Amino acid sequence: MAAGRLVVIGGGIAGSFAAYFLARADVEVTLIERDEIGVHASGNNPGGLNPLYGAGIPGPLQDLALEAFHLHLDLWHEIGRLSQLDFAARRNKRLNLAFEDADFALLERMKENYDAHTGFSARWVERDELLEIEPRLHPDVARGLWAEGDAKVDGAAYTRAVARAAQERGAAVVTGDVDGLETRDDRVTGVHVGSELMPCDGVVIATGPWCGRPARWLERSLPVEPVKGEMLLVELDGGVLPTDLAWRDVGVYQAAADQVWLGGTEDHVGFDREISEAARASIVERAGRVMPAMVNARVLHQTAGLRPVTPDGMPVVGASDGWSNVWVALGGGRKGMLFSAAMGAAIADLVTAGSTKLSVEPCSGERFAVEATAVDVG
Ligand SMILES: Cc1cc2nc3c(=O)[nH]c(=O)nc-3n(C[C@H](O)[C@H](O)[C@H](O)COP(=O)(O)OP(=O)(O)OC[C@H]3O[C@@H](n4cnc5c(N)ncnc54)[C@H](O)[C@@H]3O)c2cc1C
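Read left to right, the sequence shown gives residues 323 to 700 (the working numbering).
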C-alpha cells in the first residue's frame, strides 16, 4: 500500500476513473489536469461501450473488456448520484451492415461472439427487412447483423461526471500542467506544476497520448501514439435514425432528434488537433455509401480527438518497472472509454493491495521495455 497522497496526472476518462477508484479506496488523491476535464479524446467520441469486438477482442483483451463493461454498468447509478450530472447512459442496439463477402465473414465472427455471451445477442436481418427498418439505406446493402447488449454514454459528460464523483468521494481536482517530477532513488516524491512543487507519495500517469515528457522523467518507454479521429454532427433529412449503424470503419450514431454523429477517420498526424476539410470530405463520402442522403446532410459541427494508441493497440496498465510508487493507465486506444473503468479499478487495486483480480496481464508495460521512448514532444 502506498501511504499518503497520490497524484493522478491527466483528467481524461482514464485519469478520472483512477482518481475515482483511489478515492473510493480511501486513498488521498489529487487529479491534475492542465485543460478542462475531458476536453480531449475523452470528450470527443461517441461513447460506445462495446466489449465484444475490436483489437484483441475476441482475444487477449476479451476478459478485460467485459470486466470494464460490467464495471461501467454497475457504477452508472453511483456516478450519477454523486455527480448530479446526466451522461445519457443507456444500453443500445446497432445494425452492422454488409455489402460484400468480406463484410459477411467479419459479421459472422461478430455474431458468434455476441451469441456466446450472456446479455448480448445478434441476429441476421435480410435486405428487405433492413430497408423497412431504414429506407434511406443504400440500395446495395445486402444484409445486416442486429447486435444487442452494448452500451453508450455521452463521453464528455461522462468524463466530467466521473471526475466529479471522485471529488465527491474526497479527491482534489486541480488545474495545472505537470512539467516535471521530483525523485529520490526509486521513488517520486513530488510533481512540479510550473514553479510549484506538490509533494506526493506516488503518481499515476494518465496523460493520454502526451507521454513524451513522462517517458523522459521516468526514463522508461511509453510508446503511445496520437491517432486523430474526427466526427461530424449532421442534420438528416427524413427524420430520426431508428438505430446506430456501422459498416467497416464508418459509424453512424443517433444523436438528438434528427441529428446523427458520423465518425470513422484515423490519421497519423502527430499532435495536430485541428479539424480538417479532408476528414470532413472523407467522412461524408464514406457515410454516403451507407446512406446516400448523408452526402447532402447539413453539417452542424465537427470535432477532432487524439486516441492514445500503443504499437499493439492494447492499453498499458500497471506499476512502472524500476519505480516503487509509479503506476500507468495509458493507451486505451480505440476503446479507451470502455477500458477506462477497469484501468482505474486495477490501478487502485495495485496501489492499495499490490495486486488485482482484473485481467490486466496482457497490458503490462514490460512488453515495451526494449523499444524506443515515446513519439511525442508533448
Ligand atoms: C473519434 C473517436 C472515437 C472514439 N470512439 C470510442 C468509442 O466509441 N468507445 C471507446 O471506448 N473509445 C472510443 N474512443 C477512444 C477514447 O476516446 C480514448 O481512448 C480515451 O478517451 C482516452 O482517454 P485518456 O484519459 O487516456 O486520454 P485523454 O482523453 O487524452 O486524456 C488525457 C488528459 O491528460 C492531460 N494531460 C496530458 N499531459 C498532462 C500534464 N503533463 N499535466 C496535466 N495534464 C496532462 C490532457 O490534457 C488530457 O486531458 C474514440 C476516440 C476518438 C477520437
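Backbone N, C-alpha and C define an ideal beta-carbon position, used for all residues, glycine too.
If you're wondering where the values come from, they're calculated on a predicted model, not measured in any experiment.
*Cβ-based burial, Lys422 [other Cβ within 10 Å; buried from 16]*: Per the sequence shown, residue 422 should be read as Glu rather than Lys. Counting Cβ neighbours within 10 Å, Glu422 comes out exposed, since fewer than 16 surround it.
| message | So, at 6 Å on beta carbons, what are the nonlocal neighbours of Glu350 in its own chain, with the 5 sequence-adjacent residues on each side left out? | response | Shown here for Glu350: same chain residues with a beta carbon closer than 6 Å to its own, the five before and five after excluded, namely Arg327 in chain order.
_Near ligand 1: Ala528 beta-carbon under 7 Å from a heavy atom_ = Taking non-hydrogen atoms of ligand 1 into account, the C-beta of Ala528 is found less than 7 Å away from one of them.
Review point. For Val525, which option in Pro633, Asn647, Val556 and Asp594 has the closest C-alpha, if you only look at C-alpha atoms?
Key: Of the listed residues, the one whose Cα sits closest to Val525 is Asn647.
task: Give the C-beta separation of Leu494 and Thr352 to the nearest angstrom, bearing in mind that I take them to be a contact with Cβ-Cβ under 8 Å.
output: Checking the sequence, you will find Ala at residue 494 rather than Leu. About 4 Å separates the CB atoms of Ala494 and Thr352; that is less than 8 Å, so the two are in contact.
Assuming Glu557 contacts Arg620 (C-beta within less than 8 Å), just tell me the rounded distance between them.
Their Cβ separation, rounded to whole angstroms, is 5 Å, which keeps Glu557 and Arg620 in contact under 8 Å.
**Asked** DSSP three-state call for Val562: helix, strand or coil?
**Response** If DSSP states are grouped into helix, strand and coil, Val562 belongs with coil.
Rank Ser686, Ile354, Gly592 and Ala469 by C-alpha distance to the C-alpha of Gly534 and give the top, closest one. With respect to the C-alpha of Gly534, the residue from Ser686, Ile354, Gly592 and Ala469 having the closest C-alpha is Gly592.
Q: Confirm the yes/no value for this check: CB of Ser443, any heavy atom of ligand 1, distance under 7 Å.
A: A distance criterion of 7 Å places the beta-carbon of Ser443 beyond contact range of ligand 1, judged by its closest non-hydrogen atom.
Which complete alpha helix (DSSP H) runs does the stretch 429-483 hold, if anything under 4 residues is left out? You should have 449-455.
Does the Cβ of Asn418 lie closer than 7 Å to at least one heavy atom of ligand 1? No, since every heavy atom of ligand 1 falls outside the 7 Å radius drawn around the Cβ of Asn418.
* Alpha carbon to alpha carbon, what distance is there between Gly666 and His392? -> Their backbone Cα atoms lie some 14 Å apart in a straight line.
Cβ pair Asp566, Gly586 closer than 8 Å
Going by C-beta atoms, Asp566 is not nearer than 8 Å to Gly586.
Check whether the stretch 371-386 and the stretch 636-655 are in contact - that is, three or more C-beta pairs closer than 8 Å. Yes, the stretch 371-386 is in contact with the stretch 636-655.
Any idea what DSSP makes of Asn647, helix, strand or coil?
DSSP places Asn647 outside both helix and strand once states are collapsed to three, so it counts as coil.
Practice task
For Lys550, name the three-state secondary structure that DSSP assigns.
Solution key: In the structure shown, Lys550 sits in a strand (DSSP, three-state: E or B).
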